[in-house]
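Engineer: Numbering (the UniProt record's numbering), first residue to last: 1 to 162.
Quick reminder that beta carbons are idealized off the backbone N, C-alpha and C, glycines included.
Quantities reported herein were computed from a predicted structural model and do not represent experimental measurements.
Shown below is the structure under consideration.
If you want it as C-alpha cells, here you go:
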C-alpha cells in the first residue's frame, strides 16, 4: 500500500477507504464529483477581500489584515498550506498590529471549499495559537464542515501527486 502521508494521522478505517479509492483509480472521480467547481479567487487583491470578509464576519476584534498573498514558495511537503504571522509593536502611545496570511499558490486551482478551509484555519490561529480543542471549535464555528473539508483537501493533495 502507498504511504498516505497527508492522512497518516487519520484512523486506519479512513486510510483503508482512501487506499481503496486510489488502488481502484477512483480518487480523482470521487473528488471531482464531490467538488466540481474551482474558485475564482485568483489574485492577491481578491484573496485579501475574500479573507477580510470572513474575518469581519467572525473575528471583528482581531486587528486588520496588513498583507494577504498567494505564494509558490510554500511547500506542501513541509506541512505549510498557509502561514499566518502576527506582530505587535508600540508606536508612541498606540499598539499597532501587523497580521498577515500567505496561502500556498496551488490553492489557486482548488475547489472553493478547500480554500475556505485553509483561510478559516489560518484566521483561527490569530485567536488560538495551538491546535487544541478551542482552535478546532473556532474553525467549526466559521466553517461547520471544516473537518470534512480538511480530510478531502488532504486527499486532493495526494491525488495531485499521483
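Using the three-state DSSP reduction, which class does residue 3 fall into: helix, strand or coil?
Structural biologist: Residue 3: coil per DSSP, three-state reduction.
Engineer: Do you know how far the Cα of residue 142 is from the Cα of residue 134?
Structural biologist: The alpha-carbon atoms of residue 134 and residue 142 are separated by roughly 12 Å.
Engineer: Look at residue 111 and residue 39 and say whether their C-beta atoms are less than 8 Å apart.
Structural biologist: yes
Engineer: Classify residue 109 as buried or exposed, calling it buried when 16 or more other Cβ atoms lie within 10 Å of its own Cβ.
Structural biologist: exposed
Engineer: Take residue 103 as the anchor and find which of 19, 30, 72, 126 has the nearest alpha-carbon.
Structural biologist: 72
Engineer: Where does residue 66 fall in DSSP's three states?
Structural biologist: strand
Engineer: Report back the beta-carbon spacing between residue 101 and residue 51 to the nearest angstrom; my notes put them in contact at under 8 Å.
Structural biologist: 6 Å
Engineer: Residue 154 to residue 11, Cα distance in whole Å?
Structural biologist: Taking the straight line joining both Cα atoms gives about 14 Å.
Engineer: DSSP has residue 134 in a bridge; who is on the other side?
Structural biologist: Residue 134 pairs with nothing; no bridge assigned.
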